[in-house]
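This report refers to the structure that appears directly beneath it.
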Amino acid sequence: MHNFSSRPTWIRLLLVNGNPDGIRIVEKANWTGVAIVASRADFKEVIERDELGRPGVYVLTGESKHGSPLIYIGEADILYERLKQHNFCKDFWTMFVAFTSSNEDLNKAHVRYLEARLVKLAKSANQWEVENNHIPSIPKLSEADKAYADYFFNEMLVIYPLLGIDAFEDASKNHKKHKDSELLYLSQRGAKAKGKEVPEGFVVMKGSLARLEVIPSARKHIHNLRNQLISRNVLLKEKNRLVFMQDYRFNSPSTAAAVLVGGSINGRTAWKNFKDITLKEIQKQK
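Right, here's the structure in full:
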């Protein structure tokens with residue numbers, strides 16, 4: 002789990018072609034790292050950039066066959082060569098984010114270290130499907146190189162969420178500091194759960210109970226999402242229910258509620274606090 006500083010942070014975002022969804026260059030004050038962000042539609046243009054001729058670590062993001070977010074993490078001596086391979090060989094991805102160093106201090110050992118730590122963190126957080134089958138071993142670095150790589154790693158973790166990538170964030174990080182009075186509860190259709198609204202969506206907490214069966218009228222994406230969570234051991238069958246084995250973050254309270262009850266439901270009215278006040282009413286009062 003990454004602990005973010007509470008101090009203000011200065012980040013510069015360059016829209017290369019003026020389009021907020023196009024090629025973006027992201028830099029942070031007092032850091033030599035630089036992120037290159039692009040959609041697959043802009044691949045032909047972005048692949049010519051000088052930054053991609055350096056060593057770096059990258060992620061490919063897209064949607065899995067289950068409809069859930071999917072990520073692949075890699076490293077390369079020359080970023081554009083590896084990304085060109087993925088453009089031909091991997092179909093799922095729609096966006097990539099590559100990190101390199103503006104002063105070319107990042108070397109092969111550093112990027113292998115960064116890749117291994119990112120894969121390990123994404124697998125541990127278990128919030129996205131991870132395309133990587135194995136966790137690479139973390140290479141041994143000198144004390145100085147490890148300090149540099151760890152600093153680079155922590156700075157990357159500040160930038161990923163700004164780009165919509167929360168695959169490396171432990172879902173429990175937000176709610177542990179909150180009081181019980183801020184928790185929300187759902188108890189209907191055989192489900193019994195507690196959760197918390199967070200800036201990134203909605204967290205269902207470990208130990209929550211979901212209905213075992215999906216109702217016939219449930220949308221396909223709810224079927225797929227539940228099956229995917231079962232395959233990743235986020236949900237485990239115990240007797241006549243499914244149990245959340247970890248805190249898990251959904252993109253909305255309604256998606257969280259739908260997975261719990263096995264069908265469509267308005268999460269803003271289904272989730273209530275200990276005073277029986279709905280999330281919808283709580284949001285109106287803010």
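Residue numbers (the numbering used here): 2 to 287. C-beta: ideal position from N, C-alpha, C; glycine also.
{"Check": "Where the alpha helix (DSSP H) through residue 157 begins and ends", "Outcome": "144-160"}
{"Check": "Cβ distance (whole Å) where residue 60 is taken to contact residue 89 below 8 Å", "Outcome": "Going by Cβ atoms, the distance from residue 60 to residue 89 rounds to 18 Å, so no, they are not a contact pair."}
{"Check": "6 Å Cβ shell around residue 12 - same chain, five flanking residues per side excluded", "Outcome": "29"}
{"Check": "Beta-ladder partner(s) of residue 12, from DSSP", "Outcome": "29"}
{"Check": "Extent of the continuous beta strand (DSSP E) to which residue 116 belongs", "Outcome": "Premise fails: residue 116 lies in the alpha helix (DSSP H), 109-126, not in any beta strand (DSSP E)."}
{"Check": "Whole-angstrom distance between residue 45 and residue 74, CA atom to CA atom", "Outcome": "21 Å"}
{"Check": "6 Å Cβ shell around residue 80 - same chain, five flanking residues per side excluded", "Outcome": "53, 57, 99"}
{"Check": "Proximity below 8 Å, CB of residue 172 to CB of residue 248", "Outcome": "yes"}
{"Check": "Rounded separation between residue 15 and residue 25 - CA only", "Outcome": "6 Å"}
{"Check": "Exposure of residue 111, with buried meaning 16 or more beta-carbon neighbours within 10 Å", "Outcome": "buried"}
{"Check": "Straight-line Cα distance separating residue 260 from residue 226", "Outcome": "8 Å"}
{"Check": "Whole-number beta carbon distance between residue 27 and residue 160, since they are thought to touch under 8 Å", "Outcome": "6 Å"}
{"Check": "Closest residue to residue 39 among 284, 165, 232, 222 (Cα-Cα distance)", "Outcome": "165"}
{"Check": "Minimum C-alpha distance to residue 157 - residue among 287, 207, 33, 18", "Outcome": "33"}
{"Check": "Residue 76 to residue 121 span [Cα, whole Å]", "Outcome": "14 Å"}
{"Check": "Residue 219 versus residue 23 - alpha carbon distance", "Outcome": "36 Å"}
{"Check": "Extent of the continuous beta strand (DSSP E) to which residue 270 belongs", "Outcome": "That residue, residue 270, is in no beta strand (DSSP E); its alpha helix (DSSP H) goes 268-271."}
{"Check": "Boundaries (first-last residue) of the alpha helix (DSSP H) holding residue 254", "Outcome": "254-262"}
{"Check": "Of the listed residues 137, 265, 109, 238, nearest to residue 224 (C-alpha basis)", "Outcome": "265"}
{"Check": "Helix, strand or coil at residue 139 [DSSP, three-state]", "Outcome": "coil"}
{"Check": "Close-in-space but distant-in-sequence residues of the same chain around residue 254 (CB under 7 Å, 5 per side omitted)", "Outcome": "198, 203, 268, 269, 272, 280"}
{"Check": "Whole-number beta carbon distance between residue 210 and residue 130, since they are thought to touch under 8 Å", "Outcome": "Incorrect: roughly 23 Å between the Cβ atoms, too far for contact."}
{"Check": "Which of helix, strand or coil DSSP assigns to residue 130", "Outcome": "strand"}
{"Check": "CA nearest to the CA of residue 108, picked from 147, 195, 67", "Outcome": "147"}
{"Check": "Which of helix, strand or coil DSSP assigns to residue 190", "Outcome": "coil"}
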